[in-house]
Every structure is written in structure tokens, then in C-alpha cells.
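For the protein sequence lines, the chains are G and E, in the order given. FYI, the numbering for the first sequence is 425 to 538, going by the working numbering. FYI, the numbering for the second sequence is 2 to 110, going by the working numbering. Ideal Cβ positions, reconstructed from N, Cα and C, are used throughout, including at glycine. Bear in mind the structure is a predicted one, so any value in this text is a computation, not a measurement. Working notes for the structure below.
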Amino acid sequence: EAGVAQSPRYKIIEKRQSVAFWCNPISGHATLYWYQQILGQGPKLLIQFQNNGVVDDSQLPKDRFSAERLKGVDSTLKIQPAKLEDSAVYLCASSLLLNTDTQYFGPGTRLTVL
Amino acid sequence: GQNIDQPTEMTATEGAIVQINCTYQTSGFNGLFWYQQHAGEAPTFLSYNVLDGLEEKGRFSSFLSRSKGYSYLLLKELQMKDSASYLCAVSPGANNLFFGTGTRLTVIP
Chain G
425 EAGVAQSPRY KIIEKRQSVA FWCNPISGHA TLYWYQQILG QGPKLLIQFQ NNGVVDDSQL
485 PKDRFSAERL KGVDSTLKIQ PAKLEDSAVY LCASSLLLNT DTQYFGPGTR LTVL
Chain E
2 GQNIDQPTEM TATEGAIVQI NCTYQTSGFN GLFWYQQHAG EAPTFLSYNV LDGLEEKGRF
62 SSFLSRSKGY SYLLLKELQM KDSASYLCAV SPGANNLFFG TGTRLTVIP
């Protein structure tokens, strides 16, 4: 079974530029999550989708971050414009169901903002 | 609000046993997870506890006491490949996970 796919794996941009990340969850997984993991910290949830609907985006900085999952499968996370403090690893995870089902993580995208 | 405390770093010897503690305060509780994360890699699922007691899975065991807001991960017969960060995460409600900052374990020969 294929795991969660993410691209790109690495991205370096200058502040005020825009960037987009892509995630393809495990086939059949209804729930998709985007996390931000700053070096030395645990992952912090940014947004959670159930199929193509948003379940929780309370910690998403909506002035600069946006995410969509239009067809209920793959998803994109965008940052526009980027700030220095956005430098982090962006992890995508998926789970079969909502609630406490185990989340499976992708390899992440390491973003460096200069 | 949510809060999770776990030690920042631990060191243990190959072949030994190590216990990584986690205490939590959350507005709700729907289960506790442990994840392993090697440097530069994604977290991988280790264990899930929702009821009090010990869950054993090979060399790894996880314990939960809901009344004390306490869990630990026990690693036996340590191997060099066990050097990684261990993340304690709590599901406070129906929807998501709240992660601690992780414990970086270094296994030495």
C-alpha cells in the first residue's frame, strides 16, 4: 500500500514570495491533515479536512495561509506571502476515519524562507 | 487549553531499558498516541492508549493513567536504531491531535 505522498521535499524561497505544497493521502483515507513542525517542536495542526470539507482550521493563519481539497482526495497548502517564521517542515497526514483513528504521515516538505 | 510535558532529551545504553514519561492536561480526552520520529523523517505511529493500563507491542510498551494525566513509553533491549525523537500526542476531542515537543533519545554503545 502506497503511503502519503508529498511534494516538493525541499523548498527555499525569499520572504514575501509565495509557495505551494501538494499532498496525496493514502487511498481511501477520508481525513487529511496539514501540520507545521518548527525545528525542535512537535507538529502543530494547521487544518483538517474530512473529504472535501474543512473540519478544523482554527490554527491556520488565514491572512497568509490557504488550503484546499477540492475533490476530496489530494490537497494543496499555499503560503502567500511567506515570512521568515514560516520556515518549518510541513507535514501532511491522513487517516481512514475521523476521531481517534491512527494518522499516517508523509515525508514532509522542508521550507526555508530567507 | 492543552498542555503536554515530556523530557527534552534522554540518553540510554544499547541493550538497556528506557522509560519516557508524558504528562498532559487537556480540555477533553479521547486517547493518547506515541509516535517515533527519526531526524529528517516523518513521525510513525507506535502506540495508542484510551483505557488505563499497559499496552505491549514487541520491545515497546505504553502505559496510561487517565486519573493522573500520565503516560509512559517503555523501550526494552535498546538498539542503536531507536535513537530518535518520541512524540506524545493527545486527542482532546473528536477531531485532532495535540503533540508535545518530543523527547530526543540517544542510544549509546
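Inset, instruction - With DSSP collapsed to three states, give me the class of Leu47(E). - result: Under the three-state reduction of DSSP, Leu47(E) is assigned to strand.
Inset, instruction - Starting from Gln26(E), follow its DSSP beta bridges and name the residues at the other end. - result: Asn4(E)
Legend entry - Identified DSSP bridge partners for Ser68(E): Looking at the DSSP assignment, Ser68(E) forms no beta bridge with any residue, so it has no partner.
Inset, instruction - For Thr533(G), count neighbouring Cβ atoms within 10 angstroms of its own Cβ and tell me buried if that reaches 16, exposed if not. - result: Burial call: buried.
Legend entry - Residue(s) in a DSSP beta bridge with Arg60(E): BP columns for Arg60(E) are empty, so no partner.
Inset, instruction - Please classify Leu521(G): does DSSP put it in a helix, a strand, or coil? - result: coil
Inset, instruction - Identify whether Asp480(G) lies in helix, strand or coil by the three-state DSSP scheme. - result: strand
Legend entry - Beta-carbon proximity list for Ala85(E), same chain, < 7 Å, skipping 5 on both sides: The residues are Gln37, Gln38, His39 and Leu106.
Inset, instruction - Please decide whether Leu515(G) counts as near chain C, where near means a Cβ-Cβ distance under 8 Å. - result: Given the protein chain composition of this structure (G and E), no chain C is represented.
Legend entry - Per-residue burial, Pro432(G) [other beta carbons within 10 Å of its own, 16 or more giving buried]: exposed
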